[in-house]
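Start counting the sequence shown at 594; every next residue gets the next number (our numbering).
We put the beta carbon where it would ideally sit given N, CA and C, even for glycine.
Report on the structure given below.
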Amino acid sequence: MSWLDILFLAIALAMDCFTVSVVSGVIIKGDSLRPDLSHYPFRLSLLCGLFQGLMPLIGWVGISLFRAYIEAVDHWIAFALLAFIGGRMVWESFQPEQEHHFNPHRLSAQLLLAVATSIDALAVGISFGCTGYDRLSQLTVPLVVIGMTSSVLSVAGLLLGHRFGRVIARRLKPELAGGIILILIGIKILVTHLAET
């Protein structure tokens, strides 16, 4: 993957974190936001970035153990995973807005949200293993970019949600944009591999 692909992938993966952060910002609207990273809303952003960076590593380790068995179809696996994740995100973007019942003040709620929003990144880690990432050192940059992007967009979502409320989530449709990006990256991987054979 090129630098641009990695950046777009990181942005796409961060859309769930962004959405959750907007909702958190809406819920804590009455509170004051201190620019203190130990303060609960900013801790949520850090946790989102941490798990978004760790999940692809876990997926990559898992797929690396079974690489010999799937090498002939790895590009199809990467395409299918990214298309599935992206398609689900697009589908969810057209569903009615659901109520979010969580307390963004609590660490347990933040951990749950961080893990839940990073499950898609696990599948992306599997796709890394299918697209030529053979060594852990090759994953350093993508993992850092994914984690940092998720943290930054989480902070942005938090501040936007706190400032402008629910209108943002309805107008931006972040899941739709993220889903389309993931599908396009999957198509690019498939087309590139088929063109080389």
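Report the rounded CA-to-CA distance for residue i versus residue j, giving the unit in angstroms.
{"i": "residue 710", "j": "residue 787", "result": "32 Å"}
{"i": "residue 675", "j": "residue 610", "result": "18 Å"}
{"i": "residue 604", "j": "residue 645", "result": "11 Å"}
{"i": "residue 784", "j": "residue 699", "result": "45 Å"}
{"i": "residue 769", "j": "residue 685", "result": "8 Å"}
{"i": "residue 680", "j": "residue 772", "result": "6 Å"}
{"i": "residue 671", "j": "residue 751", "result": "32 Å"}
{"i": "residue 642", "j": "residue 789", "result": "35 Å"}
{"i": "residue 654", "j": "residue 702", "result": "27 Å"}
{"i": "residue 596", "j": "residue 718", "result": "16 Å"}
{"i": "residue 608", "j": "residue 640", "result": "15 Å"}
Does the CB of residue i have a neighbour CB from chain C at under 9 Å?
{"i": "residue 708", "result": "Any reference to chain C falls outside this structure, which holds one protein chain only."}
Nearest to residue i by alpha carbon, out of the options?
{"i": "residue 649", "options": "683, 740, 594 and 595", "result": "740"}
{"i": "residue 705", "options": "613, 685, 721 and 602", "result": "613"}
{"i": "residue 791", "options": "779, 776, 755 and 773", "result": "Since the first residue shown for the chain is 594 and the last is 790, residue 791 is missing from the structure and cannot be characterised."}
{"i": "residue 774", "options": "606, 596 and 715", "result": "606"}
{"i": "residue 638", "options": "655, 738, 617 and 656", "result": "617"}
{"i": "residue 707", "options": "743, 594, 669 and 598", "result": "743"}
{"i": "residue 727", "options": "600, 688, 636 and 659", "result": "659"}
Assuming residue i is part of the alpha helix (DSSP H), what are its boundary residues?
{"i": "residue 756", "result": "729-757"}
{"i": "residue 725", "result": "Where residue 725 is concerned, there is no enclosing alpha helix (DSSP H), given that its DSSP letter is neither H nor E."}
**Message:** I'd like the ranges of any alpha helix (DSSP H) spanning at least 4 consecutive residues and lying wholly in the stretch 640-681.
**Reply:** 660-663
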